[in-house]
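Asker: First the structure, then my questions, so here it is.
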Amino acid sequence: MYQVFRLILFTCVMVGHSPQRRHALRWISSMRPGYLLRKPSPWLTFDAIEYLDAQPLAGRRIFEYGSGGSTLYWITRGAECVSVEHDVRWYEKLRLRLSGMAKVEYRLASPRREAVVSGACDDPASYLSSDMNYQGYSFRCYVAEIDDFPPCHFDLVLVDGRARPSCISHAMPRLKPGGMLVVDNGDRPNYARALADLQGYSRLSFRGVVPQLVGWGQTDIFIKGPEPAAEEYPHDGPRQRMTTGC
């Protein structure tokens, strides 16, 4: 009963929030199990998804930390995708779905328990997750999967998995000039330290409704290199130049 009340209450709030009202029907539809895989769709704010929908992704090289609906989304858009997953059970489930599909390289890199784990989860050099279920585990191998590729190799990198500050740090040199670094939940305080290193990037912040989430979320897309011309941004969202820390 409580969950039904929350859904009704948030629907009323969203409908009353004019910029997000247009997503109401899609959001309600997303509450059905398996929505992200059926759509398919990345688990980002609807505004960020719309921005990506408007980008020419066919033939682009994409690397993602965290797999799922986003993996299928890149493939259906004609992109080449390298996806790394830390959860073995989810990996096995999605691997069956991806079987036989071209243009995707699916990797499993589980975290490793270490006798001594030091540092804070907001430190890119720590390779730690803020998830309490992974205390004592290092995500160094998971994060380092992108290091197999040469500098400036990828057109887009999605950071939506574990140890995100470390993922951001390793993704930066592998991203092409003009490429996109997509960071979900970029407003979380423990990501600020890593995001402060994105000097010379343009930032697009998309705050709003998220599929399968009763509440607001934020997705940030960072454009590497000089800021593109205004006409290259097919949306009315906020844009700022990253010249100082977040």
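Residues 46 to 291 (the numbering used here) make up the sequence shown, in order. C-beta: ideal position from N, C-alpha, C; glycine also.
Flag this pair as yes or no: are the beta carbons of Val188 and His215 separated by less than 8 Å?
Answerer: Contact flag set, yes.
Asker: In this structure, how does DSSP classify Lys84 when only helix, strand and coil are distinguished?
Answerer: Here Lys84 sits in coil by DSSP.
Asker: Using CA coordinates, which residue listed in Ile107, Gly145, Leu173 is at the minimum distance from Arg157?
Answerer: For the residues Ile107, Gly145, Leu173, the minimum Cα distance to Arg157 belongs to Leu173.
Asker: What separation, rounded to the nearest whole angstrom, lies between the Cα atoms of Glu159 and Arg209?
Answerer: Approximately 19 Å between the Cα atoms of the pair.
Asker: Verify the contact flag: Leu249, CB atom, against every heavy atom of the ligand NAP, threshold strictly below 7 Å.
Answerer: Absence of the ligand NAP from the depicted structure is noted, as is the absence of any ligand whatsoever, leaving it without description.
Asker: Secondary structure at Asp242, three-state DSSP: helix, strand or coil?
Answerer: Three-state DSSP puts Asp242 in coil, outside helix and strand.
Asker: For the alpha helix (DSSP H) that contains Val133, what are its first and last residues?
Answerer: Note, Val133: alpha helix (DSSP H), 133-143.
Asker: Am I right that Gly206 and Gly111 are in contact with their C-beta atoms under 8 Å? What's the rounded C-beta distance?
Answerer: Yes, Gly206 and Gly111 are in contact; Cβ-Cβ is about 3 Å, under 8 Å.
Asker: How big is the Cα-Cα spacing for Ser128 and Asp167?
Answerer: Distance between the alpha carbons of Ser128 and Asp167 is about 23 Å.
Asker: Give me the Cβ distance between Gly224 and Asp200, rounded to the nearest whole Å; I'm assuming they're in contact under 8 Å.
Answerer: Contact holds; Cβ gap of about 5 Å.
Asker: Any idea which residues DSSP pairs Glu109 with across the strands?
Answerer: Paired residue(s): Ser128, Leu203.
Asker: Within this structure, are the beta carbons of Ser63 and Leu203 separated by less than 8 Å?
Answerer: Not a contact, by the Cβ cut-off of 8 Å.
Asker: Taking only three categories from DSSP, how would you classify Asp232?
Answerer: Three-state DSSP puts Asp232 in coil, outside helix and strand.
Asker: Buried or exposed: Gln244, going by 16 or more other Cβ atoms within 10 Å of its Cβ?
Answerer: Under this definition Gln244 is an exposed residue.
Asker: Pull up the distance between the alpha-carbon of Cys212 and that of Leu258, whole angstroms please.
Answerer: Cα to Cα, Cys212 sits roughly 24 Å from Leu258.
Asker: From this set, Ile107, Gly260, Asp92, Ser155, which residue's C-alpha is nearest Glu130's C-alpha?
Answerer: Among Ile107, Gly260, Asp92, Ser155, the Cα nearest to that of Glu130 belongs to Ser155.
Asker: By Cβ distance, which residues of its chain are closer than 8 Å to Gly181, with the 5 residues on each side in sequence left out?
Answerer: Hits under 8 Å: Arg158, Glu159, Val162.
Asker: Just checking my contact of Ile120 with Val149 at CB under 8 Å: how many whole Å lie between their CB atoms?
Answerer: Rounded, the Cβ-Cβ distance is 6 Å, consistent with contact.
Asker: Among the candidates Trp261, Arg152, Arg122, whose CA atom is the shortest distance from the CA of Val133?
Answerer: Checked all of Trp261, Arg152, Arg122; the closest Cα to Val133 is Arg152.
Asker: With DSSP collapsed to three states, give me the class of Phe251.
Answerer: In the structure shown, Phe251 sits in a strand (DSSP, three-state: E or B).
Asker: Is Gly260 near Asn230, with beta carbons less than 8 Å apart?
Answerer: No, they are not a contact pair.
Asker: Could you give the DSSP three-state label for Asp265: helix, strand or coil?
Answerer: Three-state result, Asp265: strand.
Asker: For Met287 and Arg248, what's the separation of their Cα atoms in angstroms?
Answerer: For Met287, the pLDDT reaches just 38, beneath the cut-off of 50, and the residue's location in the model is therefore unreliable, although a value from the coordinates is still provided. Looking at the two C-alpha atoms, the distance is approximately 6 Å.
Asker: Can you list, in chain order, the residues of its chain whose CB lies under 7 Å from that of Pro196, leaving out five sequence neighbours each side?
Answerer: Contacts found: Pro218, Arg219.
Asker: For Arg67 and chain C, any beta-carbon pair shorter than 8 Å?
Answerer: This model lacks chain C altogether, as it is built from one protein chain only.
Asker: In whole angstroms, what separates the C-alpha of Trp72 from that of Lys221?
Answerer: Taking the straight line from one Cα to the other gives about 33 Å.
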